[in-house]
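With the numbering used here, letter number 27 in the sequence shown gets 27, and the count goes up by one each step, no holes. Even for Gly, the Cβ is constructed at its ideal location relative to N, Cα and C. What you are looking at is a predicted structure, and each value in this text was computed from that prediction instead of being measured.
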Amino acid sequence: MVVSLSEQRIRYLNQNFKTMNRYKDIKTLKNSEGFSYRRNTIFPEIKESLTDIYVITTAGDRFDTLALQYYRDSSLWWVIAGVNKSKKDSLVVTPGLQIRIPMDVANILEEFNDLNNDR
């Protein structure tokens, strides 16, 4: 059985939940044939800081839920995944690992935007 969301429900979701899109501020370019594309995203190098938090992961932890818990923004999952050298194509974190959670998110986002918006 196919269930569709009502327009009212869709409006509610759009108004109350931020779209996870770290590419929204990356410029869209066009080639000589008129095809649109975006350049590869460049991620900043995030150095260790005295403000970083270290946690031991538990069953059910995911990069996006950790980002929501620590940054109040699940779309920043890539910050935590990046500093912990995640090699999986998954947001799921292996239980029992000690991972680093950078807390200087404002500077990380500023550097991310500087690297990507002026290209």
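By Cβ distance below 6 Å, which residues in the same chain neighbour residue i in space, the five residues on each side in sequence not counted?
| i | result |
| --- | --- |
| leucine 66 | Ile80 |
| leucine 97 | Thr57 |
| tyrosine 70 | Ile101 |
| phenylalanine 112 | Pro44 |
| leucine 76 | Ala67 |
| methionine 1 | Low confidence applies here, because methionine 1 scores a pLDDT of 44, under 50, leaving its location unreliable; read the following figure in that light. Cβ neighbours of methionine 1 beyond the five flanking positions: none. |
Would residue i be called buried (16 or more neighbouring beta carbons within 10 Å of its own) or exposed?
| i | result |
| --- | --- |
| asparagine 117 | exposed |
| leucine 115 | exposed |
Could you give the C-beta distance for residue i and residue j, rounded to a whole number, given that I count them as a contact under 8 Å?
| i | j | result |
| --- | --- | --- |
| proline 95 | serine 49 | 25 Å between Cβ atoms; not a contact. |
| isoleucine 99 | valine 55 | 6 Å |
| leucine 41 | aspartate 104 | Residue identity differs from the one stated: residue 41 is threonine in this sequence, not leucine. Contact doesn't hold; Cβ gap of about 20 Å is too wide. |
Note down, in chain order, each residue of its chain lying with its Cβ closer than 8 Å to the Cβ of residue i, except the 5 sequence neighbours on either side.
| i | result |
| --- | --- |
| serine 36 | Thr28, Leu29 and Lys30 |
| leucine 68 | Ser74 |
If you drop the 5 nearest sequence neighbours on each side, which residues of the same chain put their C-beta closer than 7 Å to that of residue i?
| i | result |
| --- | --- |
| glycine 82 | Phe43 and Ile46 |
| asparagine 84 | Ile99 and Arg100 |
| leucine 91 | Arg62, Phe63, Asp64 and Trp77 |
Would you please verify whether the beta carbon of residue i is less than 8 Å from any beta carbon of chain B?
| i | result |
| --- | --- |
| alanine 67 | The structure shown has no chain B; it contains just one protein chain. |
Inset, instruction - Assess, as a yes-or-no matter, whether the region 32-43 is touched by the region 60-68 under the definition of 3 or more beta carbon pairs within less than 8 Å. - result: no
Legend entry - Unbroken stretches of the alpha helix (DSSP H), 4 residues or longer, contained in the region 30-76: 63-71
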